[in-house]
Structures are given as C-alpha cells and as structure tokens.
Amino acid sequence: VGAAQGGFDLPECKSRFSYKDRDTLLVGGAFGDDEMTDSGYARTVREWKRGSPLSESKFVYEGEWGDVAVAGFAYHDRGERYELRYRALLLHPCA
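The sequence shown maps to residues 61 to 155 in the working numbering.
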C-alpha cells in the first residue's frame, strides 16, 4: 500500500522496522548519519504513526555511538502485546 493510500513509505536506507500495531511502525535507520552507529546501523528507534510524515515520528529509544546496532520490536501473543528494545554491542566473528 503506497503512502497516498495510507501506507508507510520508507526511503531507501539501512533500516529496521516492526509493526507496533496496525497504524504504528517502530523504525530505525531512516534518519541520517546523526542517528546511525559507528558501524553504520540504526542507533535510534522512533514510533511512526500512519498518515503522518516520517519527520514527525516520535523518538522512543537510543543506543550508543559504539554499539553495532539498535532496534525495537513488537509482537502479539495470545492476546498480549509485547515491545522490546535491544542494543547489539558486539559483532560475533565468523570462524
């Protein structure tokens, strides 16, 4: 669904997102270099309401510059809603 039909339209970027509910996205990585980690991944999480510009999204979580990445997730399970935030502190080296 395009933005004109009430959908969400993210710019091309290294982003992460999760639906909090039908009309709200938790999104990171779409706000420029000031909100990216030194590794180049999202450092902040924002709530973006359907029908509003991305620039008006509400800040909800922030990691550190030295983190690998930060993200927010939401899920529904057996009638309950859960929201999580996480900070990835280290990259796991591949053997």
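From the three backbone atoms N, C-alpha and C, an ideal C-beta is built for every residue, glycine too.
Consult DSSP for residue i and reduce its assignment to one of helix, strand or coil.
{"i": "E143", "result": "strand"}
{"i": "S78", "result": "strand"}
{"i": "D98", "result": "coil"}
{"i": "E116", "result": "helix"}
{"i": "A90", "result": "coil"}
Give the C-beta separation of residue i and residue j to the nearest angstrom, bearing in mind that I take them to be a contact with Cβ-Cβ under 8 Å.
{"i": "V120", "j": "E107", "result": "5 Å"}
{"i": "T97", "j": "W125", "result": "6 Å"}
Excluding the 5 residues flanking residue i on each side, which residues of the same chain have their C-beta closer than 7 Å to its C-beta?
{"i": "Y45", "result": "No information on residue 45 is available, as it lies outside the stretch 61 to 155 that the chain covers here."}
{"i": "G66", "result": "R110, G111"}
{"i": "K118", "result": "R106, E107"}
{"i": "R145", "result": "V105, Y121, G132"}
Residues in the same chain with beta-carbon distance under 8 Å from residue i, minus the five sequence neighbours each way, listed in chain order, please.
{"i": "S99", "result": "D127, V128, A129, L151"}
{"i": "C73", "result": "G89, A90"}
{"i": "G139", "result": "none"}
Got a sec? Which residues, its chain only, sit under 6 Å from residue i by beta carbon, not counting five neighbours each side?
{"i": "E143", "result": "A134"}
For residue i versus residue j, is the C-beta spacing smaller than 9 Å?
{"i": "R141", "j": "D93", "result": "no"}
The stretch 131 to 141 touching the stretch 82 to 99, judged by at least three CB pairs closer than 8 Å: yes
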